[in-house]
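A.B. asks: Those letters in the first sequence? Residues 1 to 480, per the UniProt record's numbering, in order. Where a beta carbon is used, it is the ideal one built from N, C-alpha and C, also for glycine. Model, not experiment: these values are computed from the prediction. Have a look at this one.
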Amino acid sequence: MTRTRMAPSPTGEYHIGHIRTVLYNYALAKKDQGAFVIRIEDTDRTRFVEGSMERILEVIKDYGLSWDEGPQVGGDYGPYIQSERLGLYKKYAEDLVEKGHAYYCFCSEDRLKELRASQQEKGIKPMYDRYCAENIDIREAKQRVTEGESYVIRLKIPRDETISFHDEVLGDISFAGEEVDDQVLLKSDGFPTYHLAVVVDDHLMEITHIMRGSDWVSSTPKHVLLYKYFGWETPKFIHLPNLKEVGAGKKLSKRFGSVSAREFLDEGYLPEALLNFLMLLGWNPGTDEEIFSVDEFIQKFDLANVHSADLVAFDREKLLWFNGVYIRNFTVSELTDRLISYDEAIATIDRNKLEAVVSLIQERIKVFSEFRDLTYYFFDEINVTLDAVVQKSKTADDTRKIIPQILAVLEEVPEEAWQAEKLEELLRGLQDQLTDWSPKELFMTIRLAVTGEKATPPLFDTISVLGKQTTLDRLQSLIQ
RNA sequence: GGCCCCAUCGUCUAACGGUUAGGACGCCAGGUUCUCAUCCUGGUAAUCGGGGUUCGAUUCCCCGUGGGGUCACCA
């Protein structure tokens, strides 16, 4: 049974890249009818942010993803919050000391700082010098611990061994033992570090696949050693490429737009479009298809098609395109519902009129945040002057003279016949009679007069939705 | 800087020794057209460099170069 997990640390906002990793873990587990677990890694009290966990869980749900075990839902392997599992870790660390794979360290922060500084000065890699392992025997160490002296427990890395592991995507990776620092496993405050907690919990929760960002590759040897020393079976490792900005070579940046998972939703991107976009960032289906629902993704997801690039660019243009594709695939009613849930203010608009407007902008809107700018003239007063509607080949006078003719035609239309088709027939009829007004000139003049915009949905549909009174008023106001 | 990883159009990627190196986004051009958008058609554009191995390298190996990651009592 495949069991995967995502282990958020409640230290801030969830990044869009985290959602990608959640999605992959989710798919890998679901593909095998396995379980996807969420575990909260809150072992660093200094970075803990109040409410962060709740917000992270909330945003995962808002993306339409869920977890089989974890906070809020429970499960057989709980608790799923590390601070609630605190009693566990210490004995595992002590067990390692007994086995000779770890040792007590009493070095002060100052000593460590000085050590690091002098190593850097000499141009060598900053690493713990093993002072406590070499100068304090286990009996003395235990004595000092019982006397209440502050201590940490460090993992004793075998300096003369090569530590290797297999990554399901990257292949075999190995590190020389002498390159790996004696990692602190248990902090002086009694909390485990990530490295201890993650291995203990992944084992206890029977996680089979560890899929995480590639920034974890270099600490994987420490984890592999822990599995070995504990005598536990090692799960499979998969390291995923991180996301970067298209223009800049580096990480996603505020400068180019949203970065946090929440912001994309707030901007009016659809979760399903976001997810679809994210799927393709590091994975491909092996075919030319690229529109997938999460269910289809689960069916097709395969580690063999996850690729090993070091970074993948987060192309905001393509995201926009995906969003447009999903928007266009909705029925008008569905799209209207989604817009209403996006912005409460939209819910106050009359449903019939709203749907009429929505159907006109459906193939024009790329993100929901554009809704206001694209449709305000259907709902709000506009302020247009005669000068603003005058076409290039026309004078203000020409324009002033044509308005009454347009009005004359439109005034004859009964309310109940105020439909795009009828309006088009009549206005084209008017244009036929005018020798010096091309369709383009006439219709653009009307468009500007009734909307104030150069780019709008087709004119006759627009006028139809605007209604007779509004249309006439707006035309009339130009010549008063 | 040491170590680890990576390398195909601008971007996401396909091609698992033999293809005119394919698709998508973007961009450009054309068509439809009352504007914009949608839609349709076409186009632009890539194997980082140098050595090998092989009848044959995008593909395998080595060396460069470039990029990324990591070097905490943070995750």
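When burial is assigned at 16 or more other CB atoms within 10 Å of the CB, is residue 5 buried or exposed?
C.D. replies: So residue 5 ends up on the buried side.
A.B. asks: From what residue to what residue does the beta strand (DSSP E) around residue 319 run?
C.D. replies: No beta strand (DSSP E) holds residue 319; the alpha helix (DSSP H) holding it covers 316-329.
A.B. asks: Nearest by alpha-carbon distance to residue 413: which of 244, 472, 29, 33 is it?
C.D. replies: Residue 472 is the option with its Cα nearest to residue 413.
A.B. asks: Tell me whether residue 220 is buried or exposed, calling it buried when 16 or more other Cβ atoms sit within 10 Å of its Cβ.
C.D. replies: Under this definition residue 220 is a buried residue.
A.B. asks: Tell me whether residue 40 is buried or exposed, calling it buried when 16 or more other Cβ atoms sit within 10 Å of its Cβ.
C.D. replies: It counts as buried.
A.B. asks: What's the gap between the Cα of residue 258 and the Cα of residue 339?
C.D. replies: Going by the C-alpha atoms only, they are around 20 Å apart.
A.B. asks: Here's the rule: buried if 16 or more other CB atoms are within 10 angstroms of the residue's CB, otherwise exposed. What is residue 231?
C.D. replies: Exposed, since its Cβ has fewer than 16 Cβ neighbours within 10 Å.
A.B. asks: Does residue 156 pass the burial test, meaning 16 or more other C-beta atoms within 10 Å, or should it be called exposed?
C.D. replies: The residue in question, residue 156, is buried, as its Cβ has 16 or more Cβ neighbours within 10 Å.
A.B. asks: With 16 other CB atoms within 10 Å as the buried threshold, where does residue 137 fall?
C.D. replies: With fewer than 16 Cβ atoms within 10 Å of its Cβ, residue 137 is classed as exposed.
A.B. asks: In this structure, does DSSP put residue 17 in helix, strand or coil?
C.D. replies: It is helical.
A.B. asks: Rounded to the nearest angstrom, how far is the Cβ of residue 92 from that of residue 184, given a contact under 8 Å?
C.D. replies: Not a contact, Cβ separation roughly 14 Å.
A.B. asks: Which partner residues does residue 161 have in the DSSP bridge list?
C.D. replies: The partner list for residue 161 (beta bridge, DSSP) is empty, contrary to what the question assumes.
A.B. asks: Kindly identify the DSSP beta-bridge partner or partners of residue 283.
C.D. replies: BP columns for residue 283 point to 306.
A.B. asks: Please list, in chain order, all residues of the same chain as residue 64 whose beta carbon is under 8 Å from its beta carbon, the five residues on each side excluded.
C.D. replies: 271, 272, 275, 294.
A.B. asks: Let's test the definition: count the other Cβ atoms within 10 Å of the Cβ of residue 483 and tell me whether it reaches 16, buried, or not, exposed.
C.D. replies: This structure leaves residue 483 out entirely; the chain is present only between 1 and 480.
A.B. asks: Can you tell me the Cα-Cα spacing of residue 391 and residue 478, whole angstroms?
C.D. replies: So the alpha carbons of these two residues sit roughly 14 Å apart.
A.B. asks: Should residue 462 go down as buried or exposed, given a rule of 16 or more other Cβ atoms within 10 Å for buried?
C.D. replies: Buried, since its Cβ has 16 or more Cβ neighbours within 10 Å.
A.B. asks: Taking its Cβ as the centre, do 16 or more other Cβ atoms sit within 10 Å of residue 366, making it buried, or is it exposed?
C.D. replies: The residue is buried, with at least 16 neighbouring Cβ atoms inside 10 Å.
A.B. asks: In this structure, how does DSSP classify residue 342 when only helix, strand and coil are distinguished?
C.D. replies: The answer is helix: DSSP assigns residue 342 an H, G or I state.
A.B. asks: Express the C-alpha separation of residue 171 and residue 308 in angstroms, rounding to a whole number.
C.D. replies: Between residue 308 and residue 171, the C-alpha separation is close to 9 Å.
A.B. asks: Which of the three DSSP states, helix, strand or coil, is assigned to residue 107?
C.D. replies: In the structure shown, residue 107 sits in coil (DSSP, three-state: anything other than H, G, I, E or B).
A.B. asks: On the CB-based measure, 16 or more other CB atoms within 10 Å of its CB, does residue 449 come out buried or exposed?
C.D. replies: So residue 449 counts as buried.
A.B. asks: Beta-carbon separation of residue 238 and residue 167 under 8 Å?
C.D. replies: Yes, Cβ-Cβ distance for residue 238 and residue 167 is below 8 Å.
A.B. asks: Closer than 8 Å is the cut-off here; do at least three beta carbon pairs connect the segment 424-441 with the segment 321-340?
C.D. replies: The segment 424-441, when compared against the segment 321-340, does not touch it at the 8 Å Cβ threshold.
A.B. asks: Cα separation between residue 28 and residue 312?
C.D. replies: Approximately 20 Å, taken between the alpha carbons.
A.B. asks: Could you tell me the distance, in whole angstroms, from the CA atom of residue 436 to the CA atom of residue 287?
C.D. replies: Distance between the alpha carbons of residue 436 and residue 287 is about 55 Å.
A.B. asks: In the DSSP assignment, the alpha helix (DSSP H) including residue 134 goes from what residue to what residue?
C.D. replies: Per DSSP, residue 134 belongs to the alpha helix (DSSP H) from 131-135.
A.B. asks: Determine whether the beta carbon atoms of residue 386 and residue 475 lie at a separation below 8 Å.
C.D. replies: It is not a contact, given that the beta carbons lie outside the stated cut-off.
A.B. asks: What first and last residue would you give for the beta strand (DSSP E) that runs through residue 209?
C.D. replies: Its beta strand (DSSP E) spans residues 209-213.
A.B. asks: Would you kindly work out how many angstroms separate the C-alpha atoms of residue 141 and residue 22, rounded to a whole number?
C.D. replies: For residue 141 and residue 22, the distance between alpha carbons rounds to 42 Å.
A.B. asks: For the beta strand (DSSP E) holding residue 262, just list the boundary residues, first then last.
C.D. replies: That residue, residue 262, is in no beta strand (DSSP E); its alpha helix (DSSP H) goes 261-267.
A.B. asks: Checking the sheet assignment: what are the DSSP bridge partners for residue 192?
C.D. replies: Answer is 186.
A.B. asks: What residues match up with residue 6 in a beta bridge as DSSP calls it?
C.D. replies: According to DSSP, residue 6 bridges with 38.
A.B. asks: Can you tell me whether residue 48 is helix, strand or coil according to DSSP?
C.D. replies: DSSP places residue 48 in coil when its eight states are reduced to three.
A.B. asks: With residue 152 as the anchor, note down where its beta strand (DSSP E) starts and where it stops.
C.D. replies: Where residue 152 is concerned, the enclosing beta strand (DSSP E) stretches over 152-155.
A.B. asks: Assuming residue 144 contacts residue 191 under a Cβ cut-off of 8 Å, what Cβ separation, rounded to an integer in Å, is found between them?
C.D. replies: Wrong, their Cβ atoms sit about 20 Å apart, outside the cutoff.
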